[in-house]
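Asker:
Residue numbers (full-length UniProt numbering): 1 to 132.
Spelled out as structure tokens, the structure:
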């Protein structure tokens, strides 16, 4: 028995509790493209599959290999997915993470800089308060 690219993409999307639209935004494509992939009406070029694997933090081989994975390989993939899970975060934190992941690198750099400034100000205030 084989499992196609679209079946695997859908499993990954569901494991991340994402809608097709959220996954499309995250992967910088359209909901229609995701739908066609998941129904196996369309398969991406290898370069696109590699891009998706990188963004989803999964091995490319998992996406493109049409064989059902062994229990060991499946466990490895699931552990990898859990590592990037937002379990334990508040709804607001999850929302911010989703938005952050969709930003281009310049946007991420801006957000990182603002967070660093705010964090440094907060930790400086704490150290000043404890010194008094």
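From the three backbone atoms N, C-alpha and C, an ideal C-beta is built for every residue, glycine too. These figures come from a predicted structure and were not determined experimentally.
Heavy atom of the ligand PLP less than 7 Å from the Cβ of residue 120, yes or no?
Answerer: In the structure shown, the ligand PLP is absent, as is every other ligand, since no ligand is present at all.
Asker: Hey, how far is the Cα of residue 111 from the Cα of residue 29?
Answerer: 23 Å
Asker: Would you grab the beta carbon distance between residue 11 and residue 21 for me? Rounded to a whole angstrom, and I think it's under 8 Å.
Answerer: A Cβ-Cβ distance of about 18 Å is found for the pair residue 11 and residue 21, leaving them out of contact under the 8 Å criterion.
Asker: Among the residues of its own chain, which have a CB less than 6 Å from the CB of residue 25, if the five just before and after it don't count?
Answerer: 102
Asker: Along the alpha helix (DSSP H) that carries residue 20, what are the first and last residues, could you check?
Answerer: 20-27
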